[in-house]
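> Throughout the sequence shown, residue numbering follows numbering that gives the first Met the number 0, covering 0 to 323 in sequence. First, the structure itself, so that you have it in front of you.
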Amino acid sequence: MEITFREALNQAMSEEMRRDENVFLIGEEVAQYNGAYKVSQGMLDEFGPDRVIDSPITEEGFTGLGVGAAMAGLRPIVEWMTFNFSLMAIDQVINNAAKTRYMSGGQFSLPMVFRGPNGPAEYLAAQHSQAFQSFYAHIPGLKVCAPSNPYDAKGMLKSAIRDDNPVIFLEAEMMYSWKGEVPEEEYLIPLGQAAVRSEGSDVTIIGFSKPMQVIAEAAELLSNRGISCEVIDIRSIRPLDEETIFNSVKKTNRIVIVDEAWPVASVGAWISSLITKKCFDYLDAPPELVAMEDVPMPYNRQMEKLTCVSVEKIIKAVETVSYL
């Protein structure tokens, strides 16, 4: 059946809450308002206020409550209205959720998910258009996921909820209405497993989350020009499926990485360094990184478009590695 990205997330949470009474959802407006982006539509009616919990506007507070609940054996899903607001809770995530299992010698598990929209959307300006994947990928003890379609969103969120480690689950505001095929029967997608979206022989294009749409458009245009692109959706940032990436680089010998965060110390820059280190002898050109421009996001729509990753920028990067 074809459903939206938000419906896939809703199904994943609802199915896991029916399966395991220890799973609960907490966050701002998740209950009576059905979620800021309507991801938790109808969940309050089914599961009640003890398991779908509206919180005050206190990210550090309700995130910390989730960490304590996970230590006590529950499986909380903490929804941040946007990852821009996760900055208020970052101490709880980095110093408590990510480290407690290690610092307790394995006596505590932290089975919890932190989820919400991440990255730029439209007309949200500098404080609400930030992509924070590199913040969390930097931290040992956290797993970080970024699905790009409803099928992956459902299967990966179910796996994340069942995982005994804290998982950062990156969505994107513009993706919530995207539609895709999702089977009615239950399925899981393991964390740490990339997907080859299309096979090719001339250049590898790597990405994740929302940019996979512009990557697909660029790859189709390049195909019309006789350039065969292998497209890899890493889906899971940490753990990273290095084997799939390296095998593709060894086949195409050219690589373009797309990451809608700023370029400095980004996930894309980290993947580029891994490829350069592990596949240097196979490269016919240096890896190219297509990222957001290194500036705060403008509010003006035309300047916003120039700042973000685009089909044109990806094609230019492919041309750069192809002509070297």
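By construction, the Cβ of each residue, glycine as well, lies at the ideal position given by its N, Cα and C atoms. None of the values given here were measured: they were computed from a predicted structure.
Suppose only complete runs of 4+ residues qualify. What are the alpha helix (DSSP H) ranges in the stretch 250–305, listed by chain order?
266–277
> Quick check on the burial criterion: 16 or more other C-beta atoms within 10 angstroms. Buried or exposed for L354?
Residue 354 lies beyond the stretch modelled for the chain, which goes from 0 to 323, so this question has no answer here.
> If you count every other CB in all the chains shown that lies within 10 Å of the CB of Q10, and 16 or more means buried, which is it?
buried
> Does the beta-carbon distance from P146 to R74 come in below 8 angstroms?
no
> Out of I254, V51 and E185, which one is the CA nearest neighbour of E229?
I254
> Considering only residues of the same chain and omitting the five flanking positions on each side of S128, which have a CB-CB separation below 7 angstroms?
P119, A120 and M296
> Quick check: the Cα distance between E1 and G104, rounded to an integer number of angstroms?
45 angstroms
> Would you say G115 and Q91 are within 8 angstroms of each other, going by their C-beta atoms?
Contact: no.
> DSSP on K153, reduced to helix/strand/coil?
K153: helix per DSSP, three-state reduction.
> Just checking my contact of S200 with K250 at CB under 8 angstroms: how many whole Å lie between their CB atoms?
That pair is a contact at about 7 angstroms.
> CB-CB under 8 angstroms to G60, same chain, minus the five flanking residues each way: which ones, in chain order?
S54
> Jot down the residue ranges of each uninterrupted alpha helix (DSSP H) in the stretch 56–142, minimum 4 residues, whole runs only, in chain order.
58–70, 99–102 and 132–136
> Based on Cα-Cα distance, which residue from T3, K98 and E14 lies nearest to E185?
E14
> Report the rounded CA-to-CA distance for N223 versus L239, giving the unit in angstroms.
Separation of N223 and L239 (C-alpha to C-alpha, rounded to the nearest whole angstrom) is 31 angstroms.
> So, under 8 angstroms CB-CB, G26 and E78 are touching, yes? Tell me the CB distance rounded to an integer number of Å.
3 angstroms
> Buried or exposed, going by whether 16 or more other CB atoms sit within 10 Å of the CB of G65?
buried
> Is DSSP giving D19 helix, strand or coil here?
coil
> When DSSP labels each residue in this structure, what does E45 get in the three-state scheme?
helix
> Measure the Cβ-Cβ separation of I76 and L123 and say whether it is below 8 angstroms.
no
> Helix, strand or coil: which one does DSSP assign to R237?
strand
> Which one or two residues does DSSP pair with F168 in a beta bridge?
Paired residue(s): R114 and C144.
> By a C-beta neighbour count over all protein chains shown, 10 Å radius and 16 as the cutoff for buried, is N94 buried or exposed?
exposed
> Quick one: give me the first and last residue of the alpha helix (DSSP H) that V320 is part of.
V310 to Y322
> Once the 5 residues before and after Y298 are set aside, which same chain residues still bring their CB inside 7 angstroms of it?
Y122 and A124
> Would you kindly report the start and end of the unbroken beta strand (DSSP E) that includes E180?
Per DSSP, E180 is one residue of the beta strand (DSSP E) stretching across K178 to E180.
> Classify N214 as helix, strand or coil using the three-state DSSP reduction.
Position check: residue 214 holds Ile in this sequence, whereas Asn was assumed. Helix, per DSSP.
> For Y135, collect the residues of the same chain with a Cβ closer than 6 angstroms to its Cβ; drop the 5 residues on either side in sequence, then sort them by chain order.
L141, V143 and I167
> If you draw a straight line from the C-alpha of V112 to the C-alpha of Y322, how long is it?
44 angstroms
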